[in-house]
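Heads up, the thing below is written out as structure tokens.
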Amino acid sequence: MEQRVLPATRELLAASSLADLRIDDIARRSGVAKTTIYRRWPSLTHLVVAAMADLVGEREVTITDDPEEDLQRIALAGLRSLRTAGPSLPPLALTVHRHGDAQLRREYRARLIDPLRGALIDCLQRGQARGVFRADADAPLAVDAMIGAAIYRLAILHETPTEADAKDLVSLLLDGVRPQPSREREQ
800 MEQRVLPATR ELLAASSLAD LRIDDIARRS GVAKTTIYRR WPSLTHLVVA
850 AMADLVGERE VTITDDPEED LQRIALAGLR SLRTAGPSLP PLALTVHRHG
900 DAQLRREYRA RLIDPLRGAL IDCLQRGQAR GVFRADADAP LAVDAMIGAA
950 IYRLAILHET PTEADAKDLV SLLLDGVRPQ PSREREQ
């Protein structure tokens, strides 16, 4: 049932707007009864978020004691989910974020954005606590810059970021947060 309902939800969302999306239309497109859909997803919000999460796929990464290695692994997992989702993700995500339903935006963020973003921020903060990274570096801003660059490539330039791109983005981030030799020592 999920294999029919979730793609149908994404197709209808891409073809119209979130405001026009109806469970009746999803039921008709998927061939699954409306009552069955409601038994699985209690609201349209839950269904839309589930459809987006299904598009992105799993992004589980085992955390180690090495924050730099973890950053690489988490960034690669995020990149793989972008590649799995393909070019349909950015327009669908923007549709969700532009919609006036605050609950939908919260659910989407909690399920799709915060886990990956939070794991990356945690890696940086662990490194800061250990003195591996500068204590004054703004971890959320650094992570947002890295994620933003990947999304920009996909959504605006229509380029699918490669694993090499992910590694380069992490390297740029690390260059910005690693302690720098003081200028006095350089002179």
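Just so we're aligned, residue 800 is where the sequence shown starts under our numbering, counting upward by one.
Glycine residues also receive a C-beta, built at the ideal position from the N, C-alpha and C atoms.
Quantities reported herein were computed from a predicted structural model and do not represent experimental measurements.
Sequence-distant residues of its chain with Cβ nearer than 6 Å to residue i (five each side left out)
i	result
ARG984	In this prediction, ARG984 scores a pLDDT of 48, lower than 50, which makes its location untrustworthy; the coordinate-derived value is nonetheless stated afterwards. The answer is none, since no qualifying residue turns up.
ARG982	Unreliable placement is indicated for ARG982, whose pLDDT of 45 sits below 50; no coordinate value is reported for it.
ARG872	VAL860
GLN927	ALA934
Sequence-distant residues of the same chain with beta carbon closer than 7 Å to residue i, five excluded per side
i	result
LEU843	LEU820, ILE822
LEU875	GLU962, ALA965
SER829	ARG803, VAL804, ALA807
LYS833	ILE822, ASP823, ALA826
THR863	ASP869
TRP840	LEU846, ALA849
GLU958	ARG952
When the options are compared against residue i, the one with the closest alpha-carbon
i	options	result
ASP935	GLY975, SER816, ASP913, ARG858	GLY975
VAL831	ALA849, VAL848, GLU801	GLU801
MET945	LEU971, ARG929, LEU956	LEU971
ARG879	TRP840, GLY917, ALA949, LYS833	ALA949
ALA818	ASP913, GLY899, GLY926, ALA928	GLY899
LEU940	GLY885, ALA928, GLY917, GLU958	GLY917
GLY856	LEU881, ILE836, ARG838	LEU881
Proximity below 9 Å, CB of residue i to CB of residue j
i	j	result
THR894	SER816	yes
LEU891	ARG809	yes
PHE932	PRO866	yes
GLY930	PRO960	no
PRO806	ALA849	no
VAL942	LEU919	yes
LEU911	ALA852	yes
Whole-angstrom C-beta distance between residue j and residue i, which should lie under 8 Å
i	j	result
ILE938	LEU923	Checking the displayed sequence, the identity of residue 938 turns out to be Ala instead of Ile. About 4 Å; that satisfies the 8 Å criterion.
LEU888	LEU854	6 Å
GLY877	ARG904	Contact doesn't hold; Cβ gap of about 20 Å is too wide.
VAL969	LEU870	5 Å
Contacts around residue i, its chain only, beta-carbon distance under 8 Å, and the 5 residues preceding and following it disregarded
i	result
VAL907	One detail in the question is off: residue 907 reads as Tyr in this sequence, not Val. Excluding positions up to five away in sequence, the list reads VAL847, VAL848, MET851, ALA892, VAL895, HIS896.
TYR837	ILE822
Check: residue i C-beta below 8 Å from any heavy atom of the ligand MG
i	result
THR844	Because no ligand of any kind appears in the structure shown, any question about the ligand MG cannot be addressed here.
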